[in-house]
Amino acid sequence: MIDQEELDKGTIAALMIRFREYRLPRALSILERLDAGGRLSERDIRFLKRVYRDGWQVQPLVKRHPEYSELVARTLDLYARIIEKGIQNEGPALQQQLHPEETQED
Numbered sequence: 368m369i370d371q372e373e374l375d376k377g378t379i380a381a382l383m384i385r386f387r388e389y390r391l392p393r394a395l396s397i398l399e400r401l402d403a404g405g406r407l408s409e410r411d412i413r414f415l416k417r418v419y420r421d422g423w424q425v426q427p428l429v430k431r432h433p434e435y436s437e438l439v440a441r442t443l444d445l446y447a448r449i450i451e452k453g454i455q456n457e458g459p460a461l462q463q464q465l466h467p468e469e470t471q472e473d
């Protein structure tokens, strides 16, 4: 029977591969687009929701392995910056949708 430590090692290895090969590049790409004034797409929002949900699921693992706490904190900070920038970039678009008469040129 596999003990918890062995299960954790396998889970951590899989999570690190997914983070390095998929999630981090995707997050950095989204942030780059937002920094250039872009907006979050529906696909981006689904991605962020999935990451948020997964973050809650790995909490017990991080508690058992506090050596990953800093990485998790830095990753959460990255996602928070993405969300904040996405909200900031939505401001002008929402303003235009809510008050189109104010943005029309005469």
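Throughout the sequence shown, residue numbering follows my numbering, covering 368 to 473 in sequence.
Glycine included, C-beta positions come from ideal geometry on N, C-alpha and C.
None of the values given here were measured: they were computed from a predicted structure.
Shown here for T378: same chain residues with a beta carbon closer than 7 angstroms to its own, the five before and five after excluded, namely L428 in chain order.
The shortest CA-to-CA distance from Y435 to any of D375, Q371, M368, D370 is the one to D375. G377 carries a helical assignment under DSSP once its states are collapsed to helix, strand and coil. Look at the beta carbons and you see the region 440-456 touching the region 394-402: at least three pairs across the two are nearer than 8 angstroms. Secondary structure at D444: helix, using DSSP grouped into helix, strand and coil.
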